[in-house]
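Novice: Below: one structure in structure tokens.
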Amino acid sequence: MTEVQPRGFLARLTAYEPLTLITLASIAGGLFVLQRLTSEVLEGETFRFDEAILLALRQPRDLAVPIGPAWLTHAVSDITSLGGITVLTLLTALIAVYLLLDRRWQIAIFVVSSVLSGWLASTLLKILVARPRPDIVPHLVEVSDLSFPSGHAMVSAVTYLTLGALVARTQRYSSTRIFVMGAGVFLAVIIGLSRIYLGVHYPTDVFAGWCAGALWALGCWLISKRFIPSRAPDVSAETGNDEKK
């Protein structure tokens with residue numbers, strides 16, 4: 001029995017090794033991209049690119065009016081609220097409670113700590129870069145904090161991708177796992193795009209937010225894959241074992 005257990009552990013470790021290497025390579029590549037993008041932003045090399053996109057999304061005769069029908073602006077305003085602190089806090093709390101009730105307390109604690117630490121990282125990056133909000137076009141929503149990286153883009157990516165990755169691990173079917181992860185990516189993307197459309201962020205702010213948020217979620221997923229069990233303990237089996245004893 002003692003010989004079978006080490007072999008099973010080594011087999012699992014070997015099975016995950018290629019995925020681990022790919023994940024680590026992706027994190028390293030993402031960090032390089034984020035560092036280069038931050039450097040270009042600080043040097044002002046991305047301003048023309050940002051300006052061209054923000055101007056392209058407004059009416060040439062009146063920069064206060066975005067392109068598209070009137071209902072689109074209202075819809076985008078609703079979408080951007082999905083990346084707000086209030087919505088993300090409620091969502092994280094509800095999922096954590098669900099996991100606790102489902103006896104997956106380790107995943108619940110990891111979800112909350114991953115999301116909170118990601119929010120803290122976003123705030124620290126904003127303070128370090130200290131990029132002011134764009135004044136190229138009028139803002140369509142009220143904003144007051146710093147611009148780089150986009151807090152909505154990064155925090156929504158951290159939250160939705162981390163929640164998607166961790167919750168997907170609890171699902172039995174691959175189709176369900178793919179849907180959960182796809183939904184997380186979709187929400188993070190449309191929330192980031194909404195910030196550009198509303199004129200409150202430079203496109204490079206959003207790109208950096210996506211990159212940083214995805215890196216954070218990927219790192220959290222890698223840690224959870226190694227140390228956090230995906231299945232709740234079998235209560236009925238444990239009860240049966242206790243009765244036999």
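For reference, each letter of the sequence shown is one residue, going 1 to 245 in the working numbering.
Idealized CB from N, CA, C, for every residue including glycine.
None of these values were measured; they are calculated from a predicted model.
1) Could you check whether the segment 90-110 touches the segment 197-205, counting it as contact only if at least three pairs of C-beta atoms, one from each stretch, sit closer than 8 angstroms?
2) Can you grab the Cα-Cα spacing for the pair VAL206 / PRO149, in whole Å?
3) Within the continuous beta strand (DSSP E) that includes VAL65, where are the two ends?
4) Out of ALA52, TRP71, LEU82, point me to the one whose CA is closest to LEU187's CA.
5) Identify, in the order they occur along the chain, each residue of the same chain with its Cβ nearer than 7 angstroms to the Cβ of ALA130, setting aside the five sequence neighbours on each side.
6) Below 8 angstroms on the Cβ atoms is my guess for TYR166 versus ILE27; work out the distance and round it to an integer in Å.
7) Could you check where the alpha helix (DSSP H) with VAL97 kicks off and where it finishes?
8) Rounded to whole angstroms, what's the CA-CA distance from ARG48 to ARG172? Just pull it up for me.
9) Taking Cβ positions, are HIS139 and THR80 nearer each other than 8 angstroms?
10) Report the CB separation of GLY84 from MET154 in whole angstroms; it is logged as a contact under 8 angstroms.
11) On the premise that SER194 lies in contact with VAL76, defined as a C-beta separation below 8 angstroms, what is that separation, rounded to the nearest angstrom?
12) Sorry if obvious, but does the Cβ on CYS211 come closer than 7 angstroms to a heavy atom of the ligand GTP?
13) Taking just the CA atoms, how far does VAL158 sit from VAL189?
14) Determine the contact status of LEU57 and ILE196, defining contact as a CB-CB distance below 8 angstroms.
15) What are the start and end residues of the alpha helix (DSSP H) that includes TYR160?
16) Tell me which residue opens and which closes the alpha helix (DSSP H) that GLU51 is part of.
17) Buried or exposed for PHE110, going by 16 or more other Cβ atoms inside 10 Å?
18) Assuming contact is defined by CB atoms lying nearer than 8 angstroms, are ILE53 and GLN59 in contact in what I supplied?
19) Please state whether DSSP places GLN59 in a helix, a strand or coil.
20) Can you give me the Cβ contacts of PRO134 inside the same chain, cut-off strictly under 6 angstroms, excluding the 5 residues immediately before and after it?
Specialist: On the basis of the coordinates in this document:
1) no
2) 6 angstroms
3) 62-66
4) LEU82
5) LEU146
6) Tyr is not the amino acid found at residue 166; the sequence shown has Leu there. Contact doesn't hold; Cβ gap of about 17 angstroms is too wide.
7) 85-101
8) 48 angstroms
9) no
10) At roughly 13 angstroms, the Cβ-Cβ gap does not stay under 8 angstroms, so GLY84 and MET154 are not in contact.
11) 5 angstroms
12) Ligands displayed in this structure: none; no statement on the ligand GTP is therefore possible.
13) 12 angstroms
14) yes
15) 151-168
16) 47-56
17) buried
18) no
19) strand
20) TYR202
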